[in-house]
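For what it's worth, my numbering labels the leading residue of the sequence shown as 1, then goes sequentially. By construction, the Cβ of each residue, glycine as well, lies at the ideal position given by its N, Cα and C atoms.
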Amino acid sequence: MPQFSYNIISKDGHKSSGLLTSPTREAAVESLRLQGAKPLSVREVSTKKPRFTLSAHKVKLRELVIFTRELSTMIDAGVPLPRGLGTLADQTENKYFKGVILGINRDIESGVPMADAMAKYPTIFNSVYVNMIRAGEAGGILDDILKRLATQVEKDSAIRQKIHS
Numbered sequence: 001m002p003q004f005s006y007n008i009i010s011k012d013g014h015k016s017s018g019l020l021t022s023p024t025r026e027a028a029v030e031s032l033r034l035q036g037a038k039p040l041s042v043r044e045v046s047t048k049k050p051r052f053t054l055s056a057h058k059v060k061l062r063e064l065v066i067f068t069r070e071l072s073t074m075i076d077a078g079v080p081l082p083r084g085l086g087t088l089a090d091q092t093e094n095k096y097f098k099g100v101i102l103g104i105n106r107d108i109e110s111g112v113p114m115a116d117a118m119a120k121y122p123t124i125f126n127s128v129y130v131n132m133i134r135a136g137e138a139g140g141i142l143d144d145i146l147k148r149l150a151t152q153v154e155k156d157s158a159i160r161q162k163i164h165s
């Protein structure tokens, strides 16, 4: 049986709200009136579980390629990592990915290595990606590693597209 949320003015003149189970909205309103209340609003509460689209929490390979290439270019140009990540977050349209980039940036500003910050998001940055970043940080060649990673992610994307078509 459906549930309804309501706002009423009770018999004694106080506003209150709550939930009521009733077969229809009209029956819910009538039930409240029979209790001496004046219904202000009665709305059905959805009992269906919300549908979460996976795409809301996904990062497309193309977005990852662009992120990786642009970060590589910024590092190569001498832009400090936090500033580069901030710029990329501002340019990113995918709200989920933007939040991830900002999270990585916060971690880096707190002294966490970039690879460890990225490892917190395994659905975006797989172990190969994270370990390559780790090697780039250790060897001081992060910009070169990012270029290689972008190329690798592009190849992975092309293979996946061939499989899907």
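By the beta-carbon neighbour count (other beta carbons within 10 angstroms, threshold 16), Ala-117 is buried.
Ranked by how close their Cα comes to the Cα of Ala-27, the residues Gly-13, Gly-18, Pro-2 have Pro-2 in first place.
A distance below 6 Å between beta-carbons, with the five flanking residues on each side excluded, links Glu-109 to the following residues of its chain, in chain order: Pro-82. Under the DSSP assignment, Ile-124 falls outside any alpha helix (DSSP H); it carries neither an H nor an E label.
Contact between Ala-135 and Ser-72 fails: their C-beta atoms lie close to 14 Å from each other, not under 8 Å.
Sorting Tyr-6, Ala-119, Asp-144, Leu-61 by C-alpha distance to the C-alpha of Ala-77 places Asp-144 at the top.
In this structure Leu-102 is not in contact with Ala-115, their Cβ atoms being roughly 17 Å apart against a cut-off of 8 Å.
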